[in-house]
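Peer 1: Structure provided below as structure tokens; questions to follow.
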Amino acid sequence: MKRIIKYFTIISFMAIATTNLFGNPFNSKLTASEQEKLDKGEVVIKNIDYAKNMCLNGAEDEICAKIVKNVKDFNPKYLAEIIQVKDYKGNENLPQKMAEILNNIDDYAGIPYWSERNERYYDLYSSAEIVSQKKEENKTYINANLVMEPFGSVQESIVCETGKDYLLYTAENTNNLKYEGITCVGKNKLKVYIYCVHKDDKWIIYGIGGVNAPHMPFLTERIRTSFINRIKTFCSFVFTKI
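What follows is the structure, encoded as structure tokens:
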């Protein structure tokens, strides 16, 4: 009898573990307290600095593997994750809804951004416009010009891919970004990924953004605060609109 009980206990544990792994594509870098917040529908924001600290499980699916590989290859020096879990029921068209928000570049202008340095709100982007746009099958390609003070014009290449049960958004800068005349972020060194995927009865929404910028005397903390907070602000804007 003890052996039978032990056997069924092990089988039950394995079944639960398998279900959790499928429904929650994260590794041990996601803490128990962070998981509790996600279970409550709250947004979890993590300052992780380096790719090795990512909580996304690259073995979960092909897109997770792609994001993890791209971030590691990109080798950012400043990195942040933004995560939320939503019920599938009542949100069946979430990828399409997110695509509408993400592809509406005009709405990027005027997103409120809190400046820790000046303790006041500014516009994340003072202006935002589409330079070119095309659609091929389930992908929308956008080249946009975003003005983000004090760094000036940020030329972005954006790809938004949608399917019935997922969305993948990628954005990266295609020009050098300068602060007071000094190039602080090179071309293709500022990247953002947002992945929304249906797992079991939930939507997993995962955002990650980072900057591969050199650690420069007197500017390191300014760069970290400015860019990472802006990435978090943008992702939070999208998450709250859905």
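Heads up: the sequence shown begins at 2 in my numbering, then just goes up one per residue.
Ideal placement from N, C-alpha and C gives every residue a C-beta, glycine not left out.
Pick out whichever of Leu169, Thr241 and Asn139 has its Cα sitting closest to the Cα of Ala66.
Peer 2: Along the sequence shown, one-based indexing puts residue 66 at 65. Looking at the Cα atoms, Leu169 is the closest of the given residues.
Peer 1: Could you spell out where the alpha helix (DSSP H) holding Val72 opens and where it closes?
Peer 2: Residue mapping note: residue 72 aligns to position 71 of the sequence shown, counting from 1. Looking at the DSSP string, the run of the alpha helix (DSSP H) that includes Val72 is Glu63 to Phe75.
Peer 1: Quick check: the Cα distance between Val45 and Asn54, rounded to an integer number of angstroms?
Peer 2: Here residue 45 refers to the residue found at position 44 when the sequence shown is read from its first residue. Here residue 54 refers to the residue found at position 53 when the sequence shown is read from its first residue. So the two alpha carbons sit approximately 15 Å from each other.
Peer 1: Within 10 angstroms of the Cβ of Asn174, are there 16 or more other Cβ atoms? Answer buried if so, exposed if not.
Peer 2: In the sequence shown, the residue the question calls residue 174 occupies position 173. When all chains shown are included, Asn174 counts as buried.
Peer 1: Across which residues does DSSP place Lys190 in a beta bridge pair?
Peer 2: Start at 1 with the first residue of the sequence shown, and residue 190 comes out as number 189. Lys190 is not bridged to any residue.
Peer 1: Would you decide whether Thr241 is buried or exposed? Buried here means 16 or more other CB atoms lie within 10 Å of its CB.
Peer 2: Translated into the one-based positions of the sequence shown, residue 241 becomes position 240. Classification of Thr241: exposed, given that the 10 Å Cβ count is below 16.
Peer 1: Measuring alpha carbon to alpha carbon, tell me which residue in Lys38, Val160, Leu147 and Pro151 is nearest Asn139.
Peer 2: For the purposes of this step, residue 139 is taken as residue 138 along the sequence shown, with counting starting at 1. Cα-wise, what sits closest to Asn139 is Val160.
Peer 1: When you compare the CB positions of Arg223 and Arg118, do they come within less than 9 Å of one another, or not?
Peer 2: One-based indexing of the sequence shown puts residue 223 at position 222. One-based indexing of the sequence shown puts residue 118 at position 117. Yes, these two residues count as a Cβ contact at 9 Å.
Peer 1: Work out the CA separation of Val198 and Met99 for me, nearest whole Å.
Peer 2: Translated into the one-based positions of the sequence shown, residue 99 becomes position 98. Translated into the one-based positions of the sequence shown, residue 198 becomes position 197. Each residue's alpha carbon lies about 12 Å from the other.
Peer 1: May I have a chain-ordered list of the beta strand (DSSP E) segments no shorter than 3 residues that lie completely inside the region 154-201?
Peer 2: 154-164, 167-174, 178-180, 183-186 and 191-200
Peer 1: Can you check whether the CB of Asp108 is closer than 9 Å to the CB of Ala129?
Peer 2: Along the sequence shown, read from residue 1 onward, the residue named residue 129 stands at position 128. Along the sequence shown, read from residue 1 onward, the residue named residue 108 stands at position 107. Result yes, Cβ atoms of Ala129 and Asp108 sit closer than 9 Å.
Peer 1: Quick one: Cα of Gly111 to Cα of Leu39, how far?
Peer 2: The residue you call residue 111 lines up with position 110 of the sequence shown. The residue you call residue 39 lines up with position 38 of the sequence shown. Roughly 28 Å separates the two Cα atoms.
Peer 1: Can you give the Cα-Cα distance for Asn28 and Thr234, rounded to whole angstroms?
Peer 2: As a working mapping, residue 28 is identified with position 27 in the sequence shown. As a working mapping, residue 234 is identified with position 233 in the sequence shown. Each residue's alpha carbon lies about 24 Å from the other.
Peer 1: Expressed to the nearest angstrom, what Euclidean distance is found between the alpha-carbon atoms of Lys165 and Glu101?
Peer 2: One-based indexing of the sequence shown puts residue 165 at position 164. One-based indexing of the sequence shown puts residue 101 at position 100. One C-alpha to the other measures close to 14 Å.
Peer 1: Around the C-beta of Ala172, are 16 or more other C-beta atoms found within 10 angstroms, so that it is buried, or is it exposed?
Peer 2: Taking the first residue of the sequence shown as 1, we reach residue 172 at position 171. Label assigned to Ala172: buried.
Peer 1: Is Asp88 near the ligand MN, going by C-beta to nearest heavy atom under 8 Å?
Peer 2: The model on display carries no ligand, and the ligand MN is accordingly not part of it.
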